[in-house]
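J.: Below is one structure. I have some questions about it.
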Amino acid sequence: WNLRKCAAMCFEDLACVLRGDFFAAVLPIVQARIHSSENQQQKQQLPGWKIEESCILCLGKIAKGCGDQLATLFDSILPILGNKTSHPNPYVRSIACWSLGAYAPWICTFESYFPHVLAYLLERVHDGDAYVKVAACAALGNLIDEAEQLENHFHQILNCIMCAFEKCPEPLLPKLYDPLTSLFENVGEGVGEGAGEKGKALVAQLLPLLLSKLGSLEDEDVVELSPLFACLAAVLAHGSLFSVLKEKPISQPLFEKTMRVMKGCLERGLEETEDSEMLYDCLSLLCGLTCGLKQDVLPILQSANNPPFGALLFDCMKNDVSGVRQNSFSLIGDLVKHTPQFFASVWGELIKILVDNLQIAYPIVCNNAAWALVAVAQSLSSHFDPYLTPILENFVFLIDYDDIQPTLSASLTLALGHLCSATPSGMASKFDVFLENWCENISKATDSEEKEVSFQGVCTAIRVNPSPVYGCLEPLVRSFYEYREEASEEIAGEMRAVLQGLIGGAPSNWEQMMREQQASPEVVQFLKEVCT
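Residue 321 in my numbering sits at position 321 of the sequence shown, with consecutive numbering throughout.
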C-alpha cells in the first residue's frame, strides 16, 4: 500500500457511503482539473498527464457508489474517457480502460453507448504497451460479462482477440484468454445462431490456434495452463460448430494432455493452490469436451488406461478439496447425460458418493451432487427407485434446515420435481416423504424454466398415484394457486386436470378436507373455480 492507493480506497468508500452528495461535490472538481491538465499538456508542462490520470482514476473509483448518478451524464463523460484511451501516455490510456470497465454494468444498459465503448477497448487490446493491453483485456472482460446480447458483436470481438494473439507476448496471453472465455460463456448457444458464416469460420480457426498454444506448454506449467484450459472449456462446449473437434487427431491428444495434467496434480497431493485450480479447470475442460462431442466422447474416455479415466474421475469425486468434488460432479452430470453406458458397472458406487456429498457444509458441492443424481435418475428411470429413500430423506432434511442458503433450498426443491419426471412411479410411492415439503418451498424457486419442469414432474407423478396426495391437499392446491400467473398455458391445463382428477376421486367431501387442513378462502375459491 502507498499513499495513492490509500487515497483511492478512501475515495471509493466515501462514494459508497455519501453517494449523491459526494458525487455533486466531486464531479465539478474532477472536470475542472481534467480541462486544466489539458491546458498544461498543451503548454508542455510535464505534470499535465499525471493530473489527467488521477482524475480518471477518481471517476473509476466512484463507480460503485455513484454509478447511477454518473450514468445520467454519459453523453459528456464517456467521450472524455473514450478519447483518453488514445492518449499519448500509456498510464492515461491504461487508467481510462480500467475506468470504462468499472462502468460496464451501466454502459451495457444503454444500446447507444455500448458499441462505442466496445470499439475503444478493442482498439486498446492491440496496444503496444503491456500495461494498457492488460487493462483493456480486463475492461473488455467486464463489458462482456455484463452484456446480455452479444451475438451481433461476436465476430467483431472474436476477430480482434484472434488478431491480438499473433502479436501478444507469451506472458500476456492469459490476459487474452479471459475475455475470450467470457465471450463464449456469454453467447452460449447463440454462438451457433448469431455468429454468421464469418464468425463460424473464425471459430474453426480459433480451436487449432488454442491447441497450438496448449501444445507448447509442459504438463507441469499449471500457472500458464490453467487460464488456457478454462478458455478451451468455454469454447469446446459449442462443439456443434467445430467439425474439426470430432476428428480424433485433435480431440484425442487434448484428452490425453488433460489426463496427464490431472494425474500430475493428484500425485502432488494438491498441496499447492495452483494444482487445485488447475484440476478444476481440467474438469471444466472435460465438461466442455463432453458437451461438444456428446456420445462421440465415449471411445476417447475408454481409450485411457494409465490410469483408466474412470479411476481418475472417482479419485476426484472423493478428493478432500471441495472445489474438486464440485467440478467433478458437474462433469458427472454431463457424462451421464451423453454417455450413460460408461457407468454401467458402477452405478451403485457412483450414487453412494453423490448421496454422501449432500451436505449443508458445502452448498455448491451439494447442489452439483443433487443435480448429478437427477441426471442419473433420468438415465436409469425406474431402475433408480431402490436408491430413492436415502436420497429423498437427505433432500428433505436439507430443504428444511434452518441455516440453508435460500438458493440451495430452492434448487433442491426444483430437483425433486425433476426426479418425478425421471421416475414418476418411484417418486409417487414416496409422496409421504417429500410432497408436502415440495409444496411449501417451490414458490421460492425463481428459475422459470426449471420450475415449469418441476411442476410438470409432480403432476405426472400425481397421475400415477393420487391416493397419498389427499393428506397434503391444501399445500398442493396452494402451490398451484401461487404459481397460476407464472404458469404457461400447457402447465396451467395440466394443473387443472390434476386437481379435477383429485376432486373427482376424493374419498370424502373435499371442502371438509380443505377446512381441516386450514385452507385460506382464496385457495378454496381457486379450487372451486378450477373444478367447475
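We treat Cβ as the ideally placed atom computed from N, Cα and C, and that holds for glycine.
So within the region 440-522, which uninterrupted beta strand (DSSP E) runs reach at least 3 residues, ignoring any that extend past its ends?
T.: Whole beta strand (DSSP E) segments, 3+ residues: zero.
J.: Going by Cα to Cα distance, which pick from GLN517, GLY504 and SER479 is closest to PHE526?
T.: Among GLN517, GLY504 and SER479, the Cα nearest to that of PHE526 belongs to SER479.
J.: Quick one: is THR258 near chain D, going by C-beta distance under 8 Å?
T.: Among the protein chains of the structure shown there is no chain D, as only one such chain exists.
J.: Identify, in the order they occur along the chain, each residue of the same chain with its Cβ nearer than 6 Å to the Cβ of GLY288, setting aside the five sequence neighbours on each side.
T.: Result list for GLY288: ALA233, LEU236 and ALA237, in chain order.
J.: Spatial neighbours of GLN359 within its chain, please: C-beta separation below 8 Å, excluding the five flanking residues on both sides.
T.: The residues are VAL365 and CYS366.
J.: For the alpha helix (DSSP H) that VAL365 lies in, which residues bound it at each end?
T.: Where VAL365 is concerned, the enclosing alpha helix (DSSP H) stretches over 363-380.
J.: If we ignore side chains and look at the alpha-carbon of each, how far apart do LEU173 and LEU206 end up?
T.: Going by the C-alpha atoms only, they are around 14 Å apart.
J.: Please confirm if the region 416-424 is in contact with the region 459-467, defined as three or more CB-CB distances below 8 Å between the two stretches.
T.: Touching, per the Cβ criterion.
J.: Compute the Euclidean distance between the alpha carbons of ASP356 and THR413, then round it to the nearest angstrom.
T.: Using only the alpha carbons, I get a separation of about 18 Å.
J.: Whole angstroms are fine: how far does the CA of ALA487 sit from the CA of LEU183?
T.: About 32 Å.
J.: Between the alpha carbons of ASP400 and GLU440, how many angstroms are there, rounded?
T.: About 10 Å.
J.: In angstroms, rounded to a whole number, what distance separates the CA positions of LEU78 and MET262?
T.: Cα to Cα, the separation comes out at about 46 Å.
J.: Can the beta-carbon of GLY82 be found less than 8 Å from the beta-carbon of VAL117?
T.: Yes, these two residues count as a Cβ contact at 8 Å.
J.: Out of THR181, CYS531 and VAL336, which has the shortest C-alpha to C-alpha gap to SER379?
T.: Comparing Cα positions, the closest option is VAL336.
J.: Using a threshold of 8 Å, state whether the C-beta atoms of ALA497 and ARG484 are closer than that.
T.: Not in contact: ALA497 and ARG484 (Cβ atoms no closer than 8 Å).
J.: Using only alpha-carbon positions, find the residue among CYS108, ALA311, PRO179 and GLU148 that is nearest to LEU228.
T.: If we check each option's Cα against that of LEU228, PRO179 comes out closest.
J.: Can you list, in chain order, the residues of its chain with a C-beta nearer than 8 Å to that of PRO390? Leave out the 5 residues immediately preceding and following it.
T.: Excluding positions up to five away in sequence, the list reads VAL355.
J.: Use the C-beta contact count for PHE397: other C-beta atoms within 10 angstroms, 16 or more gives buried, fewer gives exposed.
T.: Under this definition PHE397 is an exposed residue.
J.: Looking at TRP438 and LEU419, is the spacing between their C-beta atoms short of 8 Å?
T.: Cβ distance not < 8 Å, so LEU419 and TRP438 don't count as in contact.
J.: Could you tell me whether the Cβ atoms of SER382 and GLY323 are closer together than 8 Å?
T.: No, they are not a contact pair.
J.: Grab me the residues of ILE404's own chain with a C-beta within less than 7 Å of its C-beta, minus the 5 sequence neighbours each way, in chain order.
T.: So the list reads ILE360 and LEU398, once near-sequence residues are dropped.
J.: May I ask you to check if the CB of PRO28 is nearer than 7 Å to at least one heavy atom of the ligand ATP?
T.: Looking for the ligand ATP in the displayed structure turns up nothing, as the structure carries no ligands at all.
J.: Which two residues bound the contiguous alpha helix (DSSP H) that contains LEU150?
T.: It is not in any alpha helix (DSSP H) - LEU150 carries neither H nor E in the DSSP assignment.
J.: Would you kindly report the start and end of the unbroken alpha helix (DSSP H) that includes ASN306?
T.: First-last for ASN306: undefined, no H or E at that position.
J.: With DSSP as the reference, label GLN31 as helix, strand or coil.
T.: Three-state DSSP puts GLN31 in a helix.
J.: Pull up the distance between the alpha-carbon of ASN319 and that of PRO521, whole angstroms please.
T.: Between ASN319 and PRO521, the C-alpha separation is close to 53 Å.
J.: Determine the DSSP secondary structure at LYS263, reduced to helix, strand or coil.
T.: Reduced to three states, the DSSP call for LYS263 is helix.
J.: Could you round the C-beta distance between GLU146 and PRO105 to whole angstroms and report it? I think they count as a contact, below 8 Å.
T.: GLU146 to PRO105, Cβ: 5 Å. Contact.
J.: Measuring CB to CB, does PHE110 end up less than 8 Å from GLY65?
T.: Contact flag unset, no.
J.: In this structure, how does DSSP classify GLN341 when only helix, strand and coil are distinguished?
T.: In the structure shown, GLN341 sits in a helix (DSSP, three-state: H, G or I).
J.: So, is THR532 buried or exposed, given that buried needs 16 or more other C-beta atoms within 10 angstroms?
T.: It counts as exposed.
J.: Should PRO28 be labelled buried (16 or more other beta-carbon atoms within 10 Å of its own) or exposed?
T.: Its Cβ having fewer than 16 others within 10 Å, PRO28 is exposed.
J.: Just reading off the alpha helix (DSSP H) that HIS383 is part of, what are its end residues?
T.: First-last for HIS383: undefined, no H or E at that position.
J.: Terminal residues of the continuous alpha helix (DSSP H) containing GLU123?
T.: Run containing GLU123: 114-125, per the alpha helix (DSSP H) assignment.
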